[in-house]
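In the working numbering, the protein residues as written are -11 to 230. Cβ coordinates follow ideal geometry from the N, Cα and C atoms, glycine included. The structure presented is a predicted model; accordingly, all values stated were derived computationally and were not measured. The next block holds one structure in the form of structure tokens; read it before the comments.
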Amino acid sequence: LKSESILKCQEALKFRFKIFARPFVATPQIPEKKEKKQILHENIYTIPNMLTVGRLIAAPYVGYLIVNHDYDLALGVFVLAGLTDMKKKLDGFIARRYNLKTIVGSIIDPMADKTLMTVLTVTLAMQNLLPMPLAYVILGRDAGLVIASFYYRYISLPKPKTLVRYFDFSIPSAEVRPTNISKLNTLLQLVLMTGTLTTVTLGQPSTEVLSALQWAVGGTTIWSGASYIYSKDAVRILNQAK
């Protein structure tokens, strides 16, 4: 009986020791595998993007012609740039239809439009062919959009955020979606700039029509600037694949 009671006491002591020592026993930790983030790249050398770059190059040349009072050639180059824009819109439809749309195209397309409109606004205002207050409204709105685009590019760029990667447009980070009023404003600006040049070269349209266009452009410019601020769908931050 004594031996059995001693054995029971020993077993009880072993059990209590195991319970007491368990929190102090180190259990091996299996390191978790960290999944590497894949940086997305896209083919930016497409026909629509090349046409957009052509419009960007044509913008300063049109401005040079206006400053030198060569309005006929300026009008011709401007119309040609507009035709390439229409061709690009057709290519853009094909790209969307067959899933060939690029993120960089959604950025440089409005950039080309704004560059051309900015050059025309500045040079026509310099020649007193465009009211200076209207020029201030157009340029102020565009300056705000440019600053906002740089900001969204920075906050949406996946790490590491380096200067080289910041200007590497094959790395998509944010997509710009023009609002409906912005599209209307771009169209009205295009009509106004064309009408201003044809007034000098062809004598048409009339002063009343041109004045009405200027008021319409001023109003839609302010409205479109506000739409980018309050619209939730104007800028979309892209989710990076993991």
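Could you give the DSSP three-state label for residue i: helix, strand or coil?
i: residue 149; result: coil
i: residue 171; result: helix
i: residue 166; result: coil
i: residue 177; result: helix
i: residue 249; result: Past the boundaries of the shown model lies residue 249; the chain is included only from -11 to 230, so the question cannot be answered.
i: residue 60; result: helix
i: residue 193; result: coil
i: residue 102; result: helix
i: residue 219; result: coil
Considering only residues of the same chain and omitting the five flanking positions on each side of residue i, which have a CB-CB separation below 7 Å?
i: residue 107; result: 47, 48, 50, 51
i: residue 218; result: none
Is residue i buried or exposed, if buried means 16 or more other CB atoms sit within 10 Å of its CB?
i: residue 231; result: Here the chain comprises residues numbered -11 to 230, so residue 231 is not present and cannot be evaluated.
i: residue 150; result: exposed
i: residue 181; result: buried
i: residue 155; result: exposed
i: residue 24; result: For residue 24, the predicted model reports a pLDDT of 49, less than 50, meaning its position is unreliable; a value from the coordinates is still stated below. Classification of residue 24: exposed, given that the 10 Å Cβ count is below 16.
i: residue 135; result: exposed
i: residue 214; result: exposed
i: residue 129; result: buried
Could you give the first and the last residue of the continuous alpha helix (DSSP H) run that contains residue i?
i: residue 258; result: Residue 258 cannot be examined here, being either before or after the span of the chain that is shown, -11 to 230.
Can you name, in chain order, every residue of its own chain whose Cβ lies under 6 Å from the Cβ of residue i, other than the five neighbours on each side?
i: residue 97; result: 40
i: residue 268; result: Given a span of -11 to 230 for the chain in the structure shown, any question on residue 268 remains unanswerable.
i: residue 63; result: 185, 189
Less than 8 Å between C-beta atoms, sequence neighbours within five positions excluded: which residues of the same chain meet that for residue i?
i: residue 59; result: 53, 185, 188, 189
i: residue 176; result: 201, 204, 205, 208
i: residue 115; result: 54, 55, 57
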